[in-house]
Amino acid sequence: MNAASHFRDAPGMAPRSIRMSLDGETLLARPGETVAAALLAQSGDATRRTPVTGAGRTAFCMMGVCFDCLVTIDGRPNVQACMTPARDGMVIRRQIGARRLGDQP
Amino acid sequence: MSPDLVIIGAGPAGMTAARIAAEGGLRVVLLDEQDRAGGQIYRNLGAAAGRDWLGPDYARGADLLRGLNHPGITHQPRATVWRVDAARGVIWSRDGESHVTAAPHVLIATGAQERPVPFPGWTLPGVMPAGAAQILMKQSGMVAQDAILAGAGPLLYLVAAQMIAAGSPPKALVETGTDLRHALAKLPRALPAAMTLAKGLGLIRRIHGIPRHHGARDFRAVALAGGRIGFGFTTRKGPQELDCGLLLTHLGVIPQTHLTRSMGLTHDYDVAQQAWRPRLDAWGGSSRRGVRVAGDGGGIGGADAARAQGALAALAILHDAGRLDLDERDRRARPLRRALARALSLRPFLDAAYPVPKAFLAPPDDTIICRCEEVTAGAVREAAACGAHGLRLMRTALRTGMGPCQGRMCEPTVTGLIAQTTGCAPSALGPGRIRTPVKPVTLAEIAALGRQPEETA
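Note that the protein sequences, when read in sequence, are chains P and V.
Take the first sequence: its position 21, counting from 1, is numbered 21 in my numbering, and each next residue is one higher.
Take the second sequence: its position 450, counting from 1, is numbered 1450 in my numbering, and each next residue is one higher.
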């Protein structure tokens, strides 16, 4: 855990001005980018644990195909972070294992 | 007011078709999953000004984006289509709410996805498709650092050149080996696409100086301390061990056919591209009247081919709608057909030059091949040997394809493993049955739609 991000910003990119939270900690995003991009820019760590073996995963395909980037956003479980534009105030939670019906808002 | 045409996908095919259809007087609804039009190839182009390091080919999509500025076109972004219903139209979801858009004509332009590249360790955080890294460059201005590119195909060279131009060159380029002897025989047929070939050679020159490994096989990734990746492979020089922050893999792209398959359209197996594609006529017409397909979703041809196919489909739709007479349709189609032939002339060479190594269609036993249900290649081989000789039997036995990705990440591999174990041809094993919703939606969302979509499959 606590792996550094494997990405850096290209020269001339706008600052990350959107403020969200990830499990209570601040997560920044640039306008126009997805939650998955913001997660990858922040850290190289897993953003979920799989329901079957508990293995760590994070965003993979970045185009809505693989569903490895699933997170809970504003209480809604199993949201594709790579298909969700980042917005101010979003409350994001990593998913550890499977969601249950009782978890629904 | 209901539209005359629904187009699914705002990449080069969908955007071209939208403009031509709208100019011909049709009311067009353009549905697209992304926040902004462009598809993957021109992703975020409208907001990526100043990013010259992405190269001139990316900027070539600008005219298509401008073309969407037409009163006849309604672009619905972030619209995920999960069913096309023969009777009721196109059903799509946005922000947890579903909508139905019905029209007499439907054009499916859903494009391609990257071919899964399964090997032991490909599920680790730190391993990603090269195309995903390119999406991050286009959409977020984020460049991979301390990265290794591995696999085969032109996209690897393009991503490497873009990374170099952005000041973050890859550490190494690990190629699975190009069967150039076989490919050279196809080269004369590719001459109409000489410009594209020259651009490709230019790309390869630009990555001069990056350490390269050829003929690599037996990929294996392990997690190292600090979130780094240990990448092992074997070349003629013996076993190699590299380490990196990010391992970016690529073995080409395959058509996204979940939607067309869910509709029961006829599909054929393309042996050269090792993927299923819908059966289409010269105007993109599918086996169902009123439903056309254009672009990579109908078979991989690239952006220039997609433009031509989108335009041809739009002309055919205008003719069907009584807006364009036969002569005019055929007259306007002639230069498009030449452009299409030129664009497609490169494919046999590329398919031969960058074949998918068998080890990625039927990987080692300890490879997780179904990322959702975490099923290994060994388990699939065992089930196949015990009689699970088809995709549906395998699904019942092991749940391959029953996770949220609905088989998008495992079906080519499950097919390859069954083919290897049973000796059947991949074409005899599919196409797998795809059921709607082709993207997950909640029961609550379906219920709120007010009417239960009927299952015709």
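Quick reminder that beta carbons are idealized off the backbone N, C-alpha and C, glycines included.
Note that this is a predicted model, so its numbers are computed, not measured.
Check: Nearest chain P C-beta to residue 1004 of chain V closer than 7 Å, yes or no?
Finding: no
Next item on the list: Please list the partners that residue 1040 of chain V has in chain P, where partner means a Cβ-to-Cβ separation under 8 Å.
Entry: 63
Check: Measuring CB to CB, does residue 1102 of chain V end up less than 7 Å from residue 1089 of chain V?
Finding: yes
Item checked: Cβ contact check for the stretch 1244-1262 of chain V and the stretch 1292-1308 of chain V: 3 or more pairs under 8 Å -> Contact between the stretch 1244-1262 of chain V and the stretch 1292-1308 of chain V is present: three or more C-beta pairs spanning the two stretches fall below 8 Å.
Checklist line | the stretch 1061-1070 of chain V contacting the stretch 1004-1018 of chain V, beta-carbon criterion three pairs below 8 Å | finding: They touch, by the three-pair rule.
Next item on the list: Taking a Cβ distance cut-off of 8 Å, strictly less, list which residues of the stretch 1052-1063 of chain V are near chain P, in chain order.
Entry: 1053
Next item on the list: Could you tell me the distance, in whole angstroms, from the CA atom of residue 1352 of chain V to the CA atom of residue 1153 of chain V?
Entry: Separation of residue 1352 of chain V and residue 1153 of chain V (C-alpha to C-alpha, rounded to the nearest whole angstrom) is 10 Å.
Margin query: Using only the alpha-carbon positions, how far apart do residue 15 of chain P and residue 1159 of chain V sit?
Written below: 24 Å
Next item on the list: Taking only beta-carbon positions, decide if residue 1448 of chain V is within less than 7 Å of chain P.
Entry: Chain P contact via Cβ: absent.
Item checked: Extent of the continuous beta strand (DSSP E) run through residue 7 of chain P -> Residue 7 of chain P -> beta strand (DSSP E) spans 7-9.
Notebook entry, point to check: Is residue 944 of chain V near residue 1397 of chain V, with beta carbons less than 7 Å apart?
Noted result: The requested residue 944 of chain V is not part of the displayed model; chain V covers only 1001 to 1457.
Check: Considering only the beta carbon of each residue, do residue 1400 of chain V and residue 1410 of chain V sit closer than 7 Å?
Finding: yes
Checklist line | CA-to-CA distance, residue 1264 of chain V to residue 1457 of chain V, given in whole angstroms | finding: Because residue 1457 of chain V sits at a pLDDT of 40, beneath the cut-off of 50, its placement in the model cannot be relied upon, and the point is left open.
Item checked: Chain-ordered chain V contacts of residue 75 of chain P [CB-CB under 9 Å] -> Within chain V, no residue comes near residue 75 of chain P; the closest Cβ sits about 12 Å away, beyond 9 Å.
Notebook entry, point to check: Any residues in the stretch 1090-1106 of chain V with a beta carbon nearer than 8 Å to a beta carbon of chain P? Which ones, in chain order?
Noted result: 1096
Note to self: Taking 7 Å as the threshold (C-beta atoms), are residue 1031 of chain V and residue 1092 of chain V in contact?
What the structure shows: yes
Notebook entry, point to check: Any idea if residue 1195 of chain V is buried or exposed, counting beta-carbon neighbours within 10 angstroms, 16 or more meaning buried?
Noted result: exposed
Check: Would you call residue 96 of chain P buried or exposed, if buried means 16 or more other Cβ atoms sit within 10 Å of its Cβ?
Finding: Here residue 96 of chain P is exposed: its Cβ has fewer than 16 other Cβ atoms, across all protein chains shown, within 10 Å.
Notebook entry, point to check: Can you tell me where the beta strand (DSSP E) with residue 1151 of chain V in it begins and where it stops?
Noted result: 1147-1151
Next item on the list: Look at the alpha carbon of residue 1202 of chain V and the alpha carbon of residue 1107 of chain V, and state the distance between them as a whole number of angstroms.
Entry: 35 Å
Check: Mind checking if residue 41 of chain P is an interface residue toward chain A, Cβ cutoff 7 Å exclusive?
Finding: Within the model displayed, chain A is absent; protein chains P and V are what it includes.
Check: Apart from the five residues just before and just after residue 1455 of chain V, which ones in its own chain have a Cβ nearer than 6 Å to its Cβ?
Finding: Bear in mind that a pLDDT of 43 at residue 1455 of chain V, under 50, signals an unreliable position, so the model cannot answer this.
Notebook entry, point to check: According to DSSP, which residues form a beta bridge with residue 1142 of chain V?
Noted result: P:9
Next item on the list: Count the other C-beta atoms from every protein chain shown that fall within 10 angstroms of the C-beta of residue 1116 of chain V, then say buried if there are 16 or more, exposed otherwise.
Entry: Burial call: buried.
Notebook entry, point to check: Name the chain P residues that come within less than 8 Å of residue 1145 of chain V, Cβ to Cβ?
Noted result: 6, 7, 8
Check: Cα-Cα, which of V:1402, V:1404, V:1431 is closest to residue 1416 of chain V?
Finding: Closest by C-alpha distance to residue 1416 of chain V, out of V:1402, V:1404, V:1431, is V:1431.
Notebook entry, point to check: So residue 1291 of chain V is in the beta strand (DSSP E); what residue range does that whole segment cover?
Noted result: 1291-1293
Check: Below 7 Å between beta carbons: does that hold for residue 1126 of chain V and residue 1210 of chain V?
Finding: no
Notebook entry, point to check: Mind checking residue 1464 of chain V: buried by the 16 CB within 10 Å criterion, or exposed?
Noted result: Because chain V here runs from 1001 to 1457, residue 1464 of chain V falls outside it and cannot be looked at.
Notebook entry, point to check: Taking 7 Å as the CB-CB limit, is residue 37 of chain P close to chain V?
Noted result: yes
Next item on the list: Answer yes or no: do residue 1342 of chain V and residue 1192 of chain V have a C-beta to C-beta separation smaller than 7 Å?
Entry: Result yes, Cβ atoms of residue 1342 of chain V and residue 1192 of chain V sit closer than 7 Å.
Notebook entry, point to check: Going by other Cβ atoms of all chains shown within 10 Å of its Cβ, with 16 needed for buried, is residue 26 of chain P buried or exposed?
Noted result: So residue 26 of chain P counts as exposed.
Item checked: DSSP three-state assignment for residue 1320 of chain V, whether helix, strand or coil -> In this structure, residue 1320 of chain V counts as helix in the three-state DSSP scheme.
Check: At a CB-CB cut-off below 9 Å, which residues of chain V make contact with residue 85 of chain P?
Finding: 1035, 1078
Margin query: The alpha helix (DSSP H) that contains residue 1348 of chain V, what's its start and end?
Written below: DSSP places residue 1348 of chain V in the uninterrupted alpha helix (DSSP H) bounded by 1347-1353.
Next item on the list: Spatial neighbours of residue 1375 of chain V within its chain, please: CB distance less than 8 Å, with the 5 preceding and 5 following residues excluded, ordered by chain position.
Entry: 1368, 1369, 1398, 1399, 1400, 1410
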